[in-house]
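In our numbering, each residue's number is its place in the sequence shown (first place is 1) plus 7.
The beta carbon of each residue, even a glycine, is placed where N, CA and C say it ideally should be.
All figures in this text were calculated on a predicted structure; none of them were measured in a lab.
Have a look at the structure below before the remarks.
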Amino acid sequence: MTTTERPERSVPKPVFTDAEAGAREFPDSSSGARHFNYFNPAKRKQTHYEDVTVEVQPDPRHYLSQGWIYGFANGETGYPLHWTKLKAWGVDKPEPVRGPGSGGLPKDFSWPAHGWHEFRDPNEEWEMTLYRYNANVVRQVNQNVENARNAKAFEQWTRNWIHFVERNVGAWMHVEHILGLYVFAACNRSGPTNMHNTAMAVNSAHKIRFAQDLALYNLTLTEEVPGFDGAAHLDAWNNDPVWQGVRKVTEALTAVEDDWGESIFATNIVFEPLLGELFRSNLVMQAAAGNGDFVTPTIVGAGEYDYAQRDLRWSQACFGPLVHDKEFAEHNKQLMQGWLSKWVPQCLEAARTLQPIWSQPDAKPPRFEDSLDRAKNRFAAIVTDLGLDLPKELKQ
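This is the structure:
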C-alpha cells in the first residue's frame, strides 16, 4: 500500500511584535527587584529604613504631579511649609503650574528642589525598630527591678535616699510625660517629610515609655519599701519651690506657637543637656550607688541612653544641615541663635532653682556647680557641632 502525503495546511503562524501585554521588561519588573527606586538614597545602597519612610508622605514639589488631594478648612493643603520658620533649599520656588486633567506639565519641566527631603534619621528608626527597641528596654528594666526585689536590695536604702527618690525621681516622671505627649507627639504631624515625622514619633515613644518606667517603679517601691510615699511626687511637682523652675520651662515648651522646629530645637538641643542630663546623669546616677541603690541608675540610665545615643543624634542630623543650607544658611542660623538666646536663660534659671536637692542624699554627689559646669560643657559641644555660636547667656 502506498500513502498519499497531504499538502501542508495553510494556517497563519503567530508573529510576536512585543506589543502584547506583559511582553516588555522593565528594570524593576524582575523577581530580583526588592527595593523602590523613586528616590535617591543617602548612600550607595538604599536601606530598609529608606524604603519604608522616604517619600511615603507625598509632596507636590517633589513627585505629586496632580497636587494635594486633601486640605484643611482654612484652605491650606497637605503639609504647609510655614509650620516652621526654618527653611531648606528650594522651598521658596513655586509649586508646578498644571494643565487640565491630571496635570499636564511642560515637557522640559524639572521638579522644584526641596531640601527637606535630604534628611535621614541616622538611627534608621521605623515601626519595627521602635517596637523591638522599647520591648528590649522594658524587659531589661523589669528584670533589674525583679532581681532587686528577690535580693531585698531596697532594705539598704537610707531614709533620706527614700525621701529623695519618692519626691525627686518621681517628679521627673512628669517632665518625661509632658515632653513626650505635648511636644514630640504634638509636633509629629507638622514635619515636612515622613522622615521627620517618624523621628518625632519615635522620640515621643521614648519619652512616654520612660515616664511609664518611672511610674511603674514608683508603684513597686510603694509596695517594697516601708514608709515610701508613692504620691509624694505630686506634691513635689505641684508645690515644691525647687521644682517650679523645671515645671515652668517644661510647660513653656508645650506652648511654642506654630513652629515645630523651635519646639524640637528648644527641647533636644537646649533643655535636655542643660536640665535633663544635669538631673539624670549628674545627680541621680552619681548619688545612687553611695546611698545603697543600684536599681534606680539602671532605670534612669535607660532614659538617658534614649536621649544621648538616639534622640540627640536625629536632632543633630535634622538641624545641622540647615545651618549650612544651600540657600537659607544665614536665615536658619540667625533663627536658631535667637532660639538659643530665648531658651538658654530659662533653662539655666531652672537649673539653679534645683540646687537644694543636691544636698538631700546622705552620700553627696559632686558639687552642684561642678555638675552644672559639666552640663554647660556638654551643651557647648552640641551647639558647636551644629555650627552655631555659643550664646552669651551661657555665662550666666
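Under a 10 Å Cβ-count criterion, V22 is classified as exposed, with fewer than 16 other Cβ atoms of the shown protein chains found around its own Cβ. For G252, the enclosing alpha helix (DSSP H) stretches over residues P248 to L260.
Judged by DSSP in its simplified three-state form, G78 adopts strand. The DSSP-derived three-state label of T91 is coil. Under the three-state reduction of DSSP, T165 is assigned to coil, being neither helix nor strand. Under the criterion of beta carbons closer than 8 Å, A178 and W133 do not qualify as touching, at roughly 33 Å.
Within the same chain, Cβ atoms closer than 8 Å to the Cβ of Y45 are found at E62 and Y70, the five residues on either side in sequence being excluded. If you check the CB distance, R320 and N130 come in under 7 Å. The stretch 321-340 and the stretch 389-399 touch, with three or more beta-carbon pairs separated by less than 8 Å. Among the bridge pairs identified by DSSP, T84 is matched with G78. With contacts defined as CB atoms closer than 7 Å, A239 and E173 qualify as a contacting pair. Looking only at L347, G252 and S197, the smallest Cα-Cα distance to V277 is reached by L347.
For the pair V302 and A158, the CB atoms are not nearer than the 7 Å cut-off. Judged by DSSP secondary structure, V61 falls outside any alpha helix (DSSP H); it is assigned neither H nor E.
Counting other Cβ atoms within 10 Å of its Cβ, E376 stays below 16 and is therefore classed as exposed.
Under the criterion of beta carbons closer than 8 Å, W365 and L260 do not qualify as touching, at roughly 24 Å. Nearest Cα to A218 within the set E162, W168, V176 and C354: V176. For the options Y56, A370, E264 and Y86, the alpha carbon positioned closest to that of G198 is the one of Y86. For F301, the three-state secondary structure derived from DSSP is coil.
In the assembly as shown, F79 is an exposed residue. Its beta-carbon has fewer than 16 other beta-carbons within 10 Å.
When DSSP states are grouped into helix, strand and coil, Y140 belongs to the helix group.
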